[in-house]
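What follows is a set of notes on a single structure, which appears directly below.
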């Protein structure tokens, strides 16, 4: 099963990217083929509806990874109660052909306790792209955004929550993949 993770932070060493990498490890251990699109290392140009705009290498890579994926994970920091601008910009480059009928898991890393506003916004965008929102989501905040040297969340409770959610997401993705 192919899963793409789009990490929507534009800061080196961001907890959003650490979370994305950890979830990628968990997915790989469960047998998934994972592509991580790190928008800090692979930025995409500002979206323009002008059809004459030439797509750059990072944008082509991201769109191809999403097109080929069976399931999608979107990860964002929460800035002022919203998803990051870089993730929203990346999603603006896509239309329904990329996401239609695919299960999408939303994740947030917030400075406060949880990042619910950004997760709700992500789910709205996913619905508009005809994706299927996973009813579970992952939100880490405050001290829960600390990772150890092995790249794992330091808190056992967060690792267990991630494992449960990723297992549910994979099961749901497998079910939807078989039905299309």
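Residue numbers (UniProt numbering): 1 to 180.
Just so you know, even glycine gets a beta-carbon here, dropped at the ideal spot from N, CA and C.
Note that the structure is predicted; figures quoted are calculated from it, not measured.
Query: Candidates 5, 143, 172: closest to residue 76 by CA position; Result: 5
Query: Boundaries (first-last residue) of the alpha helix (DSSP H) holding residue 23; Result: 15–29
Query: Identity of the residues DSSP links to residue 105 by a beta bridge; Result: 73
Query: Residues of its chain near residue 104, where Cβ-Cβ distance is below 7 Å and the 5 sequence neighbours each way are ignored; Result: 72, 74, 126, 131, 132, 133, 134
Query: Residue from 90, 1, 31 whose Cα sits closest to the Cα of residue 49; Result: 90
Query: Segment contact, 8 Å Cβ cut-off, at least three pairs: the stretch 93–101 with the stretch 148–162; Result: no
Query: 7 Å CB neighbourhood of residue 12 in its chain, flanking five on each side removed; Result: 40
Query: Helix, strand or coil at residue 92 according to DSSP, with G and I counted as helix; Result: helix
Query: Exposure label - residue 10; buried when at least 16 CB within 10 Å; Result: buried
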